[in-house]
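Residue numbers (this note's numbering): 212 to 613.
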Ligand code: C5P
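Structural data, given as structure tokens:
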């Protein structure tokens, strides 16, 4: 944290008094802190305390009264290595999520290029309200980090979730971020996700149940660790707003293949997470096929194997990973795939495990590497599974550099 430039945003919550401890902790670690407050924040803790602790005047207005100095939120946004909003009220979280830039703190947030950490503080019912949950999900989707509030007694004397996390925990969270989270900086990673649709006629297709959740979670995890991600997505209903994820939407395996082949040579790694249709109709009917009393035969032809195609052109400095969803002889089949497609590692998820596979929010995986390492993980939310996979990916990338 030494030498890091931190913008600390303080909003109108009782927990604002803890911001003084937070400033102290940042300064003790050698950071430089600039406090930006909302008008309501100043009702809860005086700017004099904060400017005395930081050695810098607190900013809360666009102009300094009397002398007309304009405070540039753009310059501030560029100055910071990190922006921390603690405490963050439901109101500020709502404004951040929706770009309502009616005070200095929100304009600074919108201009900030640095990672943003948000430590919510509010009453339990406000925290549990669907609008707050939705706004926090939006912030996550912008790549912001939410430091979850704790459970305990609240200012209202009610017990529940909504207490701002303690200052030393907030500092530890951010220190962790600086220590490990930027391990993929300057790396370009291609990820395929979701199903592919193979058109039969204007209203019908061959597809599968893949939701794309695992691939999107991987893309977001790579982006959070500093990578530039190219997410090649089949037809899914998921959204992602991370600035460092470039999304290419495709429909068919052929389109996914072309996009992957175009992007791979410039990248450091690729993770093939899409459930690509193995076959496509040999013939596309541009009029809707009519029902008839007879049997109907659909002639299919094999699709290109994207992972295998990338495996053929892979350079020694690139890492290629794939997935295997098996129903029988799982590890044996996964290892055969790993070799056939020239992958560096393969993530095996078994349909036999409950909580694994398509459409659910959890997954249970075993990772098998080309060097013969086997690691088995428990059932976890897909986000945490993504973190495990990206850690293996990152380790493999480091070894290609050595
Ligand atoms: O051979 P199988 O489809 O089981 O292999 C699964 C792995 O290969 C996954 O990583 C999947 O994304 C990838 N794959 C592909 N192109 C295909 C078929 C599978 O990239 N046509």
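Ideal Cβ placement from N, Cα and C applies to all residues, glycine included.
Quick check: the Cα distance between residue i and residue j, rounded to an integer number of angstroms?
i: residue 256; j: residue 230; result: 8 Å
i: residue 328; j: residue 317; result: 13 Å
i: residue 312; j: residue 431; result: 26 Å
i: residue 462; j: residue 515; result: 14 Å
i: residue 589; j: residue 574; result: 8 Å
i: residue 449; j: residue 560; result: 21 Å
i: residue 472; j: residue 434; result: 21 Å
i: residue 527; j: residue 538; result: 32 Å
i: residue 388; j: residue 524; result: 35 Å
i: residue 477; j: residue 424; result: 25 Å
i: residue 492; j: residue 440; result: 31 Å
i: residue 287; j: residue 386; result: 21 Å
Around the Cβ of residue i, are there at least 16 other Cβ atoms within 10 angstroms (buried) or fewer (exposed)?
i: residue 512; result: exposed
i: residue 254; result: exposed
i: residue 482; result: buried
i: residue 582; result: exposed
i: residue 261; result: buried
i: residue 454; result: exposed
i: residue 310; result: exposed
i: residue 355; result: buried
i: residue 500; result: exposed
i: residue 510; result: exposed
i: residue 498; result: exposed
If I'm right that residue i touches residue j with Cβ under 8 Å, what's the distance once you round it to whole angstroms?
i: residue 369; j: residue 402; result: The pair is not a contact, with the Cβ atoms about 43 Å apart (cut-off 8 Å).
i: residue 485; j: residue 418; result: Contact flag wrong, Cβ pair sits at about 12 Å.
i: residue 346; j: residue 371; result: Incorrect: roughly 19 Å between the Cβ atoms, too far for contact.
i: residue 530; j: residue 558; result: Their Cβ separation, rounded to whole angstroms, is 13 Å, which puts residue 530 and residue 558 out of contact at 8 Å.
i: residue 504; j: residue 553; result: Rounded, the Cβ-Cβ distance is 49 Å, inconsistent with contact.
If you reduce the DSSP assignment to three classes, tell me which class residue i lands in.
i: residue 400; result: strand
i: residue 577; result: strand
i: residue 338; result: helix
i: residue 483; result: strand
i: residue 288; result: helix
i: residue 348; result: helix
i: residue 457; result: strand
i: residue 512; result: strand
i: residue 466; result: helix
i: residue 219; result: strand
How far does the beta strand (DSSP E) with residue i in it extend, from its first residue to its last?
i: residue 439; result: 439-444
i: residue 587; result: 585-587
i: residue 409; result: 409-412
i: residue 556; result: 556-561
i: residue 492; result: 490-492
i: residue 329; result: 327-331
i: residue 248; result: 243-248
Let's see if you can read the secondary structure: which residues bound the alpha helix (DSSP H) around residue i?
i: residue 607; result: 593-612
i: residue 522; result: 517-524
i: residue 238; result: 229-239
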